[in-house]
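In what follows, a single structure is set out as structure tokens and then discussed.
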Amino acid sequence: MKDKLLNIKNEAISLILSAQDKKELEEIRIQFLGRSGSLTLAMKEISKLPKENKPQMGQLINETKGIIEDTISQKLSTFDSLPREALAKWGRLSTFDVTEPGIKPNIGHLHPLTQVLQDAIEVFKSLGFQIADGPEIEKDKYNFEMLNIPKDHPARDTQQSLYLDTRGSKVTPGEILLRTQTSAMQGRIMEKIKPPVRVIVPGKNFRYEQVDASHGFEFWQIEGFFVDTNVRFTDLLGTIDYVLRKLMDENIKLRFATTNFPFVEPGIDTYMECTSCVGVGCSFCKMSGWSEIMPAGMIHPNVLRAVGYDNQKVSGFAFAIGLSRLATLRYKMDDLRILTNPDLRILEQF
Ligand SMILES: [Zn+2]
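Going by this note's numbering, 1080 is the number at position 199 of the sequence shown; the sequence numbering is gapless.
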């Protein structure tokens, strides 16, 4: 009988301590202390014992009962003070192996476009350029008129523009648009700062254009301009050559061609050998082997006059780097739409 009671006590304590919730605890209580519980049945057996053993066994049974009841109430109090989730976690923590290697966190990195932009900013800073920012919603005055492109100028047709719907406001329709070129900042900056001025403006532009491998309706440019006394055309060529070789590779092939933009005279276009096909011809370079990368020119005297500069005393050059194209060429992609694809399998490669 003594051994039987000891077994009941040990079994009950072990079950109570490993119980996961109140329901399980109640089941254990019934198993031992219920009407047909093992301890209750043991109590009934006292009557069969010899008279002299009855008091001793009775005391032992009461003690066992007391211990089981106390253990149950102690366990019950832990359920009341801790939420179930925490207990479940504790259960896991008890088997946690502290020597096991941890899970390596996924560390992000800069987008390829941002990497090229930051490199470009560093190169221009080393040449003494300041960095400026400007509005993406721009006035027609700065986007076109101050750049020697009046309302009736045919050059407007080359930049399909997205004008804002200003009906119901004080703004005349056709006066506000999403800027088509970061050159819009030339007027804003030169109006406020007297020469010498040496500034770059990185930013996004928007045009209502057919999207293809080398054109987006939304694209990045770095506008730059330099105005001082005696700024020459050769300074512009030297700057383009230095900057592109720094950003790409010392051995890139460049070529210049004359072109016309109303805000420069003379105007040039800079072409870089396509890195995707190495000059053979592909969809990105329209099978020409060359990609237009940096249109530029000497700032037109009309533009200098419009901002209040004396165009007899100062001269300057301006350029725009197609940043989206530059990033595409640097990483030897054949389609600039890859840059705006959010697929991590692409982005993780840079
Ligand atoms: Zn190509």
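Glycine residues also receive a C-beta, built at the ideal position from the N, C-alpha and C atoms.
According to DSSP, is residue i helix, strand or coil?
i	result
Tyr1152	strand
Asp1109	strand
Phe1098	coil
Ala1177	strand
Arg1226	helix
Ser1007	helix
Gly1197	strand
Val1092	coil
Asn1086	strand
Ser954	helix
Phe913	helix
Ile1002	helix
Ala1235	Not covered by the structure: residue 1235. The range shown for the chain is 882 to 1231.
Leu1043	strand
Arg1060	coil
Ile1081	strand
Pro1031	coil
Ile1202	strand
Pro931	coil
Glu1019	strand
Among the options, which residue has its Cα nearest to the Cα of residue i?
i	options	result
Leu887	Gln955, Ile949, Leu930	Ile949
Ser1198	Glu1173, Pro1077, Phe1107, Arg1218	Per the sequence shown, the amino acid found at residue 1198 is Phe instead of Ser. Among Glu1173, Pro1077, Phe1107, Arg1218, the Cα nearest to that of Phe1198 is on Phe1107.
Gly1015	Pro936, Asn1141, Ile1070, Val1195	Ile1070
Pro1083	Gln1230, Thr995, Lys883	Thr995
Thr1039	Met1027, Leu1045, Gln1062	Gln1062
Leu1028	Ile1002, Gly1178, Ser1064	Ser1064
Thr1151	Ser919, Thr980, Glu1229, Ala1177	Ala1177
Asp1093	Asp1215, Phe1025, Thr1120, Ile1002	Asp1215
Asn943	Ile1149, Gln1193, Lys925, Gly983	Lys925
Ala1208	Leu998, Ser895, Ile988	Leu998
Leu922	Ile953, Ser895, Ile889	Ile889
Lys1213	Glu908, Met1129, Pro1143, Leu914	Met1129
Gln1067	Ala1187, Ala1001, Gly989	Ala1187
Phe1142	Ser899, Pro1031, Thr1120	Pro1031
Phe1144	Leu941, Gln1230, Met1179	Met1179
Pro1077	Ala1138, Leu1185, Asp1000	Leu1185
Could you round the C-beta distance between residue i and residue j to whole angstroms and report it? I think they count as a contact, below 8 Å.
i	j	result
Met1153	Lys1134	7 Å
Glu1104	Ala1201	5 Å
Q. So, do the segment 1087–1099 and the segment 1115–1127 have three or more beta carbon pairs nearer to each other than 8 Å?
A. no
Q: Count the CB pairs spanning the segment 1082–1089 and the segment 1109–1121 that are closer than 8 Å, and state whether there are at least three.
A: no
Q: Examine the Cβ distances between the segment 1133–1148 and the segment 1218–1226 and report whether three or more of them are shorter than 8 Å.
A: no
Q: Taking 8 Å as the threshold, find out whether the segment 1016–1026 comes into contact with the segment 1051–1061 through three or more Cβ pairs.
A: yes
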